[in-house]
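The opening residue of the sequence shown carries number 1072 in this note's numbering; numbering runs sequentially from there. Structure first, then comments.
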Amino acid sequence: MESPNRTKPNRSASVFQRIWSGLKAYLTDWRNLLGHALLGVAFVVIAVWAPINIWLKLAIIACLITLNILRMRLKSKKANEKESVAK
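Have a look at this one:
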C-alpha cells in the first residue's frame, strides 16, 4: 500500500520550485535591482549625517520589496490581458 506521505515530497518540491522561480524573476528585474541599489546608496549617505534605526531600515526594505512585487504582478497581469486581446 502507498502511504499518504508520498505526495508530500512532490508538493514541497513544487513549493520550492515556485519560490525559486519567484526569486529568480525578482532578482533579475532591472527595476528591482535599481531600487535596491538606490536605497542602499541612500542609507549610506543618510548614515553619515543621521544614523537610522535598524528596524526602520528593515521596514523600508520590506515596503520596497512589497511595492516591487505588486508592480511585477500588475505588469504580468497587463501583459496577459494584452495577449488575450491580441488572440
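Even glycine gets a Cβ: it sits at the ideal position worked out from N, Cα and C.
In three-state DSSP terms, what is I1123?
Position 52 of the sequence shown, counting from 1, holds the residue named residue 1123. In the structure shown, I1123 falls within a coil segment according to DSSP collapsed to helix, strand and coil.
Within its chain, find whatever has a CB closer than 6 angstroms to the CB of I1131; leave out the 5 residues flanking it on each side and keep chain order.
Here residue 1131 is taken as the residue at index 60 of the sequence shown, counted from 1. Contacts found: none.
DSSP on A1113, reduced to helix/strand/coil?
The sequence position of residue 1113 within the sequence shown is 42, counting from 1. If DSSP states are grouped into helix, strand and coil, A1113 belongs with the helices.
Count the other CB atoms, across all protein chains shown, that sit within 10 Å of the CB of N1103; report buried if there are 16 or more and exposed otherwise.
As a working mapping, residue 1103 is identified with position 32 in the sequence shown. Counting Cβ neighbours within 10 Å, N1103 comes out buried, since at least 16 surround it.
To the nearest angstrom, report how far apart M1072 and A1096 are at their CA atoms.
Counted from its first residue, the sequence shown places residue 1072 at position 1. Counted from its first residue, the sequence shown places residue 1096 at position 25. A caution first: M1072 carries a pLDDT of 48, below 50, which makes its placement in the model too unreliable to give a value.
What is the C-beta distance between G1106 and N1139, in whole angstroms, given that I count them as a contact (C-beta under 8 angstroms)?
In the sequence shown, counting from the first residue as 1, residue 1106 sits at position 35. In the sequence shown, counting from the first residue as 1, residue 1139 sits at position 68. Cβ atoms of G1106 and N1139 come within 8 angstroms of each other, at about 6 angstroms.
Spatial distance of E1152 from D1100 (CA atoms):
Locating residue 1152 in the sequence shown gives position 81, counting from the first residue. Locating residue 1100 in the sequence shown gives position 29, counting from the first residue. Going by the C-alpha atoms only, they are around 21 angstroms apart.
Is the beta carbon of L1110 sitting closer than 8 angstroms to the one on L1135?
Here residue 1110 refers to the residue found at position 39 when the sequence shown is read from its first residue. Here residue 1135 refers to the residue found at position 64 when the sequence shown is read from its first residue. Contact: yes.
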